[in-house]
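Undergrad: Note that the working numbering has the sequence shown beginning at 1, numbered continuously upward.
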Amino acid sequence: GLGSVEEIVIVGGRVYAVALWGAPWLVEIDLEAHRAARSRFAGDFNWGLAWAPGTDLLAVPRFLERRLDLYDRATLEPRGRLRGEFGGRPVLFDPLRQAFLVAGTFSGRLRAVGLDGRSSVLPVGGLVRSLVLHQDRLYFGGRCGVGSVDLGAWLGGP
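So, in C-alpha cells, the structure goes:
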C-alpha cells in the first residue's frame, strides 16, 4: 500500500502525493495498481503540494526549512528552490502572476514568491490551513476565521 498521504495533486491524469509523517517521498501514484509508480526523496515534514500550470513544476513546501522545493512533474527531478515560510503548509500557484502563494502555519504570514525568486510577505494570522484562489482574490482559513486578500491590490498585476 501507499501508507499515509497528506496532500495530492492530479495533473494530466497523473496523481502526485506527499506525506507529512508517513514517508519522506514525493510520489507519482499508479491508481490501477494502488502503488507508487515513481518516487523521489523529498525529506521529512512534507505537508503541502502544488502544481504550477504551464511550467510542469511541482512545489513542496519544506515545513521546517522555510523554502519551497521544486520538482519536474515528468521526471520528479529537483528543479530548484524558492523562499518559503516557517511552517509552510498550504500552497498554490497564481498563474496570473507566475507565483506560488504559501502560508506559514506557525509564522502567521502569507508569502507570494515568483518563479523569478521575487517575494512579498503579508501577515494574515496563525494556523492557516487552506488557501483558495478565486478570480483575483485569495481566501484562507485559519485561527482568525476566514480571511481574504485582494491579490491585485497586494501584488499588482502581471
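Note that beta-carbon positions come from the ideal geometry of N, C-alpha and C, so glycine has one too. All of these numbers come straight from a predicted model, not from anything done at the bench.
State buried or exposed for V27, treating a residue as buried only when at least 16 other CB atoms are found within 10 Å of its CB.
TA: Looking at its Cβ environment, which holds 16 or more other Cβ atoms inside 10 Å, V27 is buried.
Undergrad: Can you tell me the Cα-Cα spacing of A52 and L122, whole angstroms?
TA: 21 angstroms
Undergrad: Give the range of the alpha helix (DSSP H) segment to which A153 is assigned.
TA: L151 to L155
Undergrad: Say the cut is 8 angstroms; is the CB of R109 nearer than that to a heavy atom of the ligand FAD?
TA: For the ligand FAD, the structure offers nothing, since it holds no ligand at all.
Undergrad: Measuring alpha carbon to alpha carbon, tell me which of E77, L115 and G156 ends up nearest A99.
TA: L115
Undergrad: Report the rounded CA-to-CA distance for A37 versus G145, giving the unit in angstroms.
TA: 39 angstroms
Undergrad: Got a sec? Which residues, its chain only, sit under 6 angstroms from L82 by beta carbon, not counting five neighbours each side?
TA: L68 and V113
Undergrad: Mark G48 as exposed unless 16 or more other C-beta atoms lie within 10 angstroms of its C-beta, in which case mark it buried.
TA: Residue burial annotation: G48 is buried, with at least 16 other C-beta atoms found within 10 angstroms of its C-beta.
Undergrad: Check D72 in the structure and name its three-state DSSP category.
TA: strand
Undergrad: Are the CB atoms of L64 and F86 within a distance shorter than 9 angstroms?
TA: yes
Undergrad: Hey, could you find the ends of the beta strand (DSSP E) F140 is sitting in?
TA: R137 to G142
Undergrad: Measuring CB to CB, does L155 end up less than 9 angstroms from G142?
TA: no
Undergrad: What does the Cβ neighbour count give for T75, buried or exposed, with the cut at 16 atoms within 10 Å?
TA: Exposed, because fewer than 16 other Cβ atoms sit within 10 Å of the Cβ of T75.
Undergrad: Span of the beta strand (DSSP E) holding S4?
TA: It is not in any beta strand (DSSP E) - S4 carries neither H nor E in the DSSP assignment.
Undergrad: In whole angstroms, what separates the C-alpha of P90 from that of A17?
TA: 14 angstroms
Undergrad: Helix, strand or coil for A42 per DSSP?
TA: coil
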